[in-house]
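Student: Last residue of the sequence shown: 308 (the working numbering), numbering continuous.
Structure in structure tokens, see below.
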Amino acid sequence: MPIRIPDALPATSALERENIFVMTENRALHQDIRPLRLVLLNLMPTKIETETQILRKLSNTPLQIEVSLLQTASHKATNVSAQHLEAFYTTFDQIKDERFDGLIITGAPVEQLDFEEVDYWPELCAIMEWSRTNVHSTLHICWGAQAGIYFHYGVPKYPLPEKMFGIFPHKLMKKYSPLVRGFDDEFPAPHSRHTEVRAEDIKAHPELELVAVSDEAGVYIAKSSDSRNFFVFGHPEYDADTLGREFTRDVGRGMNPNLPKHYYPNDDPEQRPVNTWRSCAQLLYTNWLNYYVYQTTPYDLNMLGEMA
């Protein structure tokens, strides 16, 4: 799928080097079709890296996607330039009267705080409430998944005795769900978090379905029974070196972190890690876009309010 993004976005050149079809705004103006409209609420401090990772995953189906980048107005980002945010990001007040086919809410490094202690929690709640009527399908990632499943369904998060950090094997609980179509029966995926949601809480909720779990890492994927909300409690978008850079960062901060599990060959951080999760990560995003956005969203987005 050609993803339509601003011509000067840093991700554009990175994706083009990987031979990923990126359609700039100028070229898109000459396409006589309605693109899928997605909004990416990027809560990660490493915004440019996260943009590139997620845009890469949105690039492998045959339709055009128009991606808008959203930031919180109630929290000032400090790890990206103000010029980048000004050039490429919008705020909720600027889009709250619009409708979108899909919304992606990323993770954020705030999971050890109670939700209500996060400085932008009221704004995030307003966005998630808005998504009920103005967005057809929402994909929540890592802390965004914990926040979303708590806001919409009251499922709590619990602290872990140590950071869940590494690449873990998972098994499918709903093998025939379109969301995991093409997945192997057992597949790897990255996790990097200090808290968890529990399978028994999800199973006990009549409006939720458990899709994939790990014996070691716990819940990985859940969804709402109406297929409007999807929750992924890991980081399928991560690059091969992302966990390694997190490990090096925490060592530099004197945090004495554990090695990410099942990540470095022979548990040797001098050896280059191998990306074993790329194909299933790509399928996850492609399946969500295909089966739960493109095939079910109304052609006229003004009908979203009537469907909710």
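Even for Gly, the Cβ is constructed at its ideal location relative to N, Cα and C.
If you follow the beta strand (DSSP E) that L139 is part of, which residue opens it and which one closes it?
Tutor: Taken as a continuous stretch (DSSP letters only), the beta strand (DSSP E) holding L139 covers V135 to I141.
Student: Just to confirm the assignment, what range does the beta strand (DSSP E) spanning H170 have?
Tutor: Y158 to L172 is the span of the beta strand (DSSP E), which, as asked, contains H170.
Student: Would you be able to state if there are at least three C-beta pairs under 8 Å between the segment 91-106 and the segment 63-76?
Tutor: Yes, the segment 63-76 touches the segment 91-106.
Student: For the alpha helix (DSSP H) containing E200, list its first residue and its last residue.
Tutor: Note, E200: alpha helix (DSSP H), A199 to K203.
Student: If we require 3 or more residues per run, which beta strand (DSSP E) segments fall completely within the segment 242-281?
Tutor: Those beta strand (DSSP E) runs which fall completely within the segment 242-281 and span 3+ residues do not exist here.
Student: Going by DSSP, what residues sit across from L38 in a beta bridge?
Tutor: For L38, which the question treats as bridged, DSSP gives the partners V67 and G102.
Student: Closest to I202 by C-alpha separation, out of W143, T46, G244 and K157, would be which residue?
Tutor: The option with the nearest alpha carbon to I202 is K157.
Student: Is it right to say V232 is buried, meaning 16 or more other beta carbons lie within 10 angstroms of its own, or is it exposed?
Tutor: Buried, because 16 or more other Cβ atoms sit within 10 Å of the Cβ of V232.
Student: Answer with buried or exposed for S131, where buried requires no fewer than 16 other C-beta atoms within 10 angstroms of its C-beta.
Tutor: It is buried - the Cβ of S131 has at least 16 other Cβ atoms within 10 Å.
Student: For S224, does the three-state DSSP call read helix, strand or coil?
Tutor: In the structure shown, S224 sits in a strand (DSSP, three-state: E or B).
Student: For a minimum of 4 consecutive residues, which ranges assigned as the alpha helix (DSSP H) are wholly contained in the segment 105-135?
Tutor: Complete alpha helix (DSSP H) runs here, min 4: 121-134.
Student: What are the start and end residues of the alpha helix (DSSP H) that includes R56?
Tutor: From DSSP, the alpha helix (DSSP H) with R56 extends over K47 to K57.
Student: Is H337 helix, strand or coil when you go by DSSP?
Tutor: As displayed, the chain neither begins before 1 nor continues past 308, which places residue 337 out of reach and without an answer.
Student: Quick check: the Cα distance between V293 and E216, rounded to an integer number of angstroms?
Tutor: Cα to Cα, the separation comes out at about 31 Å.
Student: If you drop the 5 nearest sequence neighbours on each side, which residues of the same chain put their C-beta closer than 6 Å to that of P298?
Tutor: Cβ neighbours of P298 beyond the five flanking positions: none.
Student: For the segment 278-295 against the segment 173-181, do three or more pairs of beta-carbon atoms, one drawn from each stretch, fall closer than 8 Å, so that the two count as touching?
Tutor: Yes, since at least three Cβ pairs between the segment 278-295 and the segment 173-181 fall closer than 8 Å, the two stretches touch.
Student: Name the DSSP beta bridge partners of E195, please?
Tutor: The sequence given here places Thr at residue 195; Glu does not occur at that position. According to DSSP, which records beta bridges pairwise, T195 is partnered with P159.
Student: Going by beta-carbon coordinates alone, are W143 and L36 separated by less than 9 Å?
Tutor: Against a cut-off of 9 Å, the Cβ pair of L36 and W143 comes out as no contact.
Student: With a threshold of 16 other CB atoms inside 10 Å of the CB of M303, please say whether the residue is buried or exposed.
Tutor: By the neighbour-count rule (16 or more Cβ atoms within 10 Å), M303 is not buried but exposed.
Student: Take D119 and list the residues in its own chain whose beta-carbon comes closer than 8 Å to its own, dropping the five residues that flank it on each side.
Tutor: Same-chain partners within the cutoff: S74 and H75.
Student: Since F230 is in the beta strand (DSSP E), which residue starts that stretch and which ends it?
Tutor: Where F230 is concerned, the enclosing beta strand (DSSP E) stretches over N229 to V232.
Student: Measuring CA to CA, which of L210, L160 and N290 is closest to H194?
Tutor: When only C-alpha atoms are compared, the closest one is L160.
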